[in-house]
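Asker: Supplied in structure tokens, the structure appears directly below.
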Amino acid sequence: IGDHVAGLDSLDSFKPQELTNIGWAFASAGVSHPELFRKIGDHVAGLDSLESFKPQNLSNTAWAFASAEVPHPELSKKIGDHIAGLMSLDSFNPQNL
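Residue numbering for the sequence shown follows this note's numbering, starting at 3 and increasing by one per position.
Shown next, in the form of structure tokens:
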């Protein structure tokens, strides 16, 4: 599945939860697939907004990249800027943080 997703022209048809689950699954399984993570990271970092991402999606995406040891500075900045711009962190539970 990693090669298939990494080879797609666009990830626009994927919902945030689906992108998160793919990254989480590969990181949890310890399966290295830098091209897949780059594709997901580029897609998410290029979105106009992360409003469609639930707090759990954001934290799991960040965790997956960190656990897979795949740096993606643009994605990290996008997630950090989004969280910093929220009026409050009430939607985040301790596990999300």
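Even glycine gets a Cβ: it sits at the ideal position worked out from N, Cα and C.
With H, G and I counted as helix, E and B as strand and the rest as coil, what does DSSP make of D83?
Answerer: helix
Asker: Let me know the secondary structure DSSP gives K17 once reduced to three states.
Answerer: coil
Asker: Helix, strand or coil for G48? Go by DSSP, reduced to three states.
Answerer: coil
Asker: For the segment 91-98 and the segment 58-74, state whether three or more C-beta atom pairs, one from each stretch, are separated by less than 8 Å.
Answerer: yes
Asker: May I have the straight-line CA-CA distance separating D44 from W65, to the nearest angstrom?
Answerer: Each residue's alpha carbon lies about 16 Å from the other.
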